[in-house]
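Colleague: So that we are looking at the same thing, I have put the structure below in structure tokens.
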Amino acid sequence: MHPSNLLKKLPTALLVMTLSLALGACGYQLRGSQEHTNLPASINLYADNQALAKATAAALAKAQVEVTVTESVATLEAESPALNTSSLRFTNTKTQRQAIIYDTNGDATDWRYQISTQMLIGSGDDSQSFQLQEYRQVALNSDSNAGSTNDRIVAKAWQDLYQALAQQAIRVLSRQP
């Protein structure tokens with residue numbers, strides 16, 4: 002094929018590629034926007050872990066759900082039916098840190114951070130139960146001078162885990178009738 006023919010087809014090829022990317026991005030945005038359409042307008046939230054309660058409340062508020070965080074399951078059980086409000090509970094929340102890779106000196110270099118919880122939607126006998134779990138593998142520097150850097154990496158890993166667990170909970174909640 003002659004080079005001048007290729008140059009004539011270049012603008013058309015660029016236009017097709019640009020339109021394909023734009024349409025693909027629109028479909029992705031539409032799919033993401035429908036994810037939270039089935040969430041309740043308001044919800045009472047209880048979590049046996051403060052960081053999980055905070056991350057879930059923030060994620061629900063971002064999805065435009067009015068959130069009331071309660072301090073006890075008894076308060077949640079008493080208030081939700083009376084106010085005709087949905088309830089969301091997190092119980093048996095467990096965090097775990099485990100060394101998984103060691104260097105030649107026997108010092109741990111890679112760690113697995115994990116959170117698991119039982120999520121209950123609804124109240125009393127009508128509640129539905131779901132097991133949620135998230136984990137991250139984190140590489141840390143075994144050098145003794147890397148303490149503050151490692152502390153920041155660990156703190157960020159926990160924060161990311163709580164946010165991921167909150168997003169997982171919202172996905173489950175949005176699929177409920």
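Heads up: the sequence shown begins at 2 in the working numbering, then just goes up one per residue.
Even glycine gets a Cβ: it sits at the ideal position worked out from N, Cα and C.
Treat the numbers as computed from the prediction; the structure is a model and nothing was measured.
#1: If I measure Cβ to Cβ from A56 and keep anything under 6 angstroms in the same chain, skipping five residues before and after, which residues do I get?
#2: At what residues does the alpha helix (DSSP H) containing Q51 begin and finish?
#3: Beta-carbon within less than 6 angstroms of Q160's beta-carbon, same chain only, minus the 5 sequence neighbours each way: which residues are those?
#4: Using only alpha-carbon positions, find the residue among A58, Q169, F91 and Y136 that is nearest to K157.
#5: Do the CB positions of S175 and N39 come within less than 8 angstroms of each other?
#6: Could you spell out the range, first to last residue, of the beta strand (DSSP E) harbouring R90?
#7: What is the DSSP secondary structure of T13, counted as helix, strand or coil?
#8: Using the beta-carbon count (16 or more within 10 Å), is A62 buried or exposed?
Modeller: According to the structure data:
#1: As a working mapping, residue 56 is identified with position 55 in the sequence shown. Within the same chain, A56 has close Cβ partners Y163, Q164 and A167.
#2: What you label residue 51 is simply residue 50 of the sequence shown in a count that begins at 1. Q51 -> alpha helix (DSSP H) spans Q51 to K63.
#3: Looking up residue 160 in the sequence shown gives position 159. Result list for Q160: empty, nothing under 6 angstroms.
#4: For the purposes of this step, residue 157 is taken as the residue at position 156 of the sequence shown. When each option's Cα is compared against that of K157, the closest is Y136.
#5: The count along the sequence shown starts at 1 and reaches residue 175 at position 174. The count along the sequence shown starts at 1 and reaches residue 39 at position 38. Against a cut-off of 8 angstroms, the Cβ pair of N39 and S175 comes out as a contact.
#6: Position 89 of the sequence shown, counted from the first residue, corresponds to residue 90. Start and end: S87 to Y103.
#7: Position 12 of the sequence shown holds residue 13. In the structure shown, T13 sits in a helix (DSSP, three-state: H, G or I).
#8: Residue numbering aside, residue 62 sits at position 61 when the sequence shown is read from its first letter. Looking at its Cβ environment, which holds fewer than 16 other Cβ atoms inside 10 Å, A62 is exposed.
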